[in-house]
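J.:
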Amino acid sequence: MKLADFQSLFQQRVLAGSGEADKPLLKKLRPSPRGATPETLLDVYQTGYRIRLADFVSQDHPGLRAILGDEAFDALVDDYIDQCPSRDPNARWFTTGLPDFMRENARWRDDGVAVSMALFERAMVDAFDSADKTPVTVQALAGFAPDDWARLAFEFDPSLTLLELVAGTVEAYNAAISEEAPAKVDKPAAGDQIEYAAVWRVDHESAYRQLEPDEYVALSEARAGHAFGDICQMTAFQQAGEIAPERLAQSLSSWFEDGMIIGVRVRGADQSSNTPSSA
37 MKLADFQSLF QQRVLAGSGE ADKPLLKKLR PSPRGATPET LLDVYQTGYR
87 IRLADFVSQD HPGLRAILGD EAFDALVDDY IDQCPSRDPN ARWFTTGLPD
137 FMRENARWRD DGVAVSMALF ERAMVDAFDS ADKTPVTVQA LAGFAPDDWA
187 RLAFEFDPSL TLLELVAGTV EAYNAAISEE APAKVDKPAA GDQIEYAAVW
237 RVDHESAYRQ LEPDEYVALS EARAGHAFGD ICQMTAFQQA GEIAPERLAQ
287 SLSSWFEDGM IIGVRVRGAD QSSNTPSSA
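Position one of the sequence shown corresponds to residue 37 (our numbering), numbered consecutively onward.
In structure tokens:
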């Protein structure tokens with residue numbers, strides 16, 4: 037067997053894990069001078085590879101481990117590694133499919149609390165790996181005439197993700213990452229109650245905060261490119277008229293302060309009327 041063929045076969049068997057297909061490779065391996073069998077030597081590599089994959093999942097999902105407990109979390113990771121082998125040489129992308137796997141797997145899909153936590157933590161990792169953008173400050177609004185305010189549209193940092201989660205997800209995550217985190221965090225009660233959260237990248241880090249329902253609606257509409265005046269009307273309609281313009285203005289101010297907005301423009305205006313967005 038040529039060296040390249042041997043290396044390819046060795047890699048295949050390490051990635052696939054132990055099984056009957058190991059036999060052709062085992063025939064080519066020599067026992068260790070210290071007496072270890074080919075089976076033992078190959079198992080060291082196969083086990084080590086799985087341990088590294090499990091470490092990546094654990095690092096990206098501290099909240100999920102905390103609410104499931106070590107035993108259930110390890111079982112989940114084993115299922116994931118078995119059924120969703122890594123297809124990318126960059127290990128960063130291995131963990132990104134975990135929430136989708138949980139939603140499609142009969143063993144895990146009914147655990148809405150765990151799926152909610154996995155979705156939240158995936159958004160945190162994705163935000164951290166997003167490209168840096170320079171946010172604009174609220175002072176950018178000073179460049180627009182008052183008559184243009186109703187037509188203002190906002191460009192948001194591409195990392196911004198809006199999430200609808202099981203109520204208690206963010207609180208459980210906060211408990212899991214605190215310096216005094218217990219070995220296991222109380223799992224939020226499953227039910228019909230939901231909460232909203234925003235996740236984005238700012239100052240080279242992932243940021244997040246919970247949103248009130250009216251702000252979630254307004255931010256969703258703003259992120260979709262609707263003008264400020266349209267957002268006021270749509271939000272008032274969806275919230276049965278229970279939101280005041282002052283509340284929307286307060287939300288808009290917080291989006292600037294949080295570093296979510298990277299550009300402002302007047303809808304329908306030519307490019308010269310717009311503030312430049314960051315590259």
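Just so it is clear, CB atoms sit at the ideal spot from N, CA and C, and this is done for glycine as well.
Since the model is a prediction, treat every value here as computed from it, not as a measurement.
Is it buried or exposed, Pro171, if we count other Cβ atoms within 10 angstroms and call 16 or more buried?
T.: Here residue 171 refers to the residue found at position 135 when the sequence shown is read from its first residue. Buried is the call here.
J.: Measuring CA to CA, which of Asp222, Glu207 and Asp183 is closest to Ala263?
T.: Reading the sequence shown from its first residue, position 227 is the one you call residue 263. Of the candidates Asp222, Glu207 and Asp183, the one whose C-alpha sits nearest the C-alpha of Ala263 is Asp183.
J.: I believe Ala154 touches Leu100 by the beta-carbon criterion, under 8 Å. Please report the beta-carbon distance rounded to the nearest angstrom.
T.: As a working note, residue 154 is residue 118 in the sequence shown. As a working note, residue 100 is residue 64 in the sequence shown. The Cβ separation is near 5 Å, so the contact holds.
J.: Pull up the distance between the alpha-carbon of Ala178 and that of Ser287, whole angstroms please.
T.: As a working mapping, residue 178 is identified with position 142 in the sequence shown. As a working mapping, residue 287 is identified with position 251 in the sequence shown. Going from the Cα of Ala178 to the Cα of Ser287 covers about 17 Å.
J.: Please specify which runs of the beta strand (DSSP E), each continuous and at least 3 residues long, are wholly inside the stretch 121-172, giving them in chain order.
T.: Complete beta strand (DSSP E) runs here, min 3: none at all.
J.: Would you list, in sequence order, the uninterrupted alpha helix (DSSP H) runs of no fewer than 4 residues that lie entirely inside the stretch 205-271?
T.: Listed in chain order, they are 205-213 and 249-259.
J.: Leaving out the 5 sequence neighbours to the left and right, which residues in its chain are closer than 6 Å to Gln229 when beta-carbon positions are compared?
T.: Against the sequence shown, residue 229 aligns to sequence position 193. Taken in chain order, the residues that qualify are Ala203.
J.: Just curious, the alpha helix (DSSP H) that Val113 is in, first and last residue?
T.: Working through the sequence shown from its first residue, we reach residue 113 at position 77. Membership of Val113 in the alpha helix (DSSP H) is indicated by the continuous run Asp106 to Gln119.
J.: Is it a yes or a no for the stretch 235-246 touching the stretch 132-139, going by three-plus beta-carbon pairs under 8 Å?
T.: no
J.: Are the beta-carbon atoms belonging to Lys223 and Ala208 less than 9 Å from one another?
T.: As a working mapping, residue 223 is identified with position 187 in the sequence shown. As a working mapping, residue 208 is identified with position 172 in the sequence shown. Contact: yes.
J.: Going by DSSP in three states, Phe180 sits in which element: helix, strand or coil?
T.: Locating residue 180 in the sequence shown gives position 144, counting from the first residue. In the displayed model, Phe180 falls within coil according to three-state DSSP, outside both helix and strand.
J.: In angstroms with no decimal places, state the Cα-to-Cα distance between Ser309 and Ser166.
T.: Taking the sequence shown and counting its residues from 1, one reaches residue 309 at position 273. Taking the sequence shown and counting its residues from 1, one reaches residue 166 at position 130. Low confidence applies here, because Ser309 scores a pLDDT of 42, under 50, leaving its location unreliable; read the following figure in that light. Rounded to the nearest angstrom, the two C-alpha atoms are 28 Å apart.
J.: Could you check whether the stretch 156-166 touches the stretch 140-148, counting it as contact only if at least three pairs of C-beta atoms, one from each stretch, sit closer than 8 Å?
T.: The stretch 156-166, when compared against the stretch 140-148, does not touch it at the 8 Å Cβ threshold.
J.: Using the Cα positions of Glu251 and Ala211, report the straight-line distance between them to the nearest angstrom.
T.: Start at 1 with the first residue of the sequence shown, and residue 251 comes out as number 215. Start at 1 with the first residue of the sequence shown, and residue 211 comes out as number 175. Each residue's alpha carbon lies about 24 Å from the other.
J.: So Phe292 and Thr197 are supposed to be a Cβ contact under 8 Å. How far apart are they, rounded?
T.: The residue given as residue 292 occupies position 256 in the sequence shown. The residue given as residue 197 occupies position 161 in the sequence shown. The Cβ separation is near 18 Å, so there is no contact.
J.: Under three-state DSSP, which class holds Arg301?
T.: The residue given as residue 301 occupies position 265 in the sequence shown. Three-state result, Arg301: strand.
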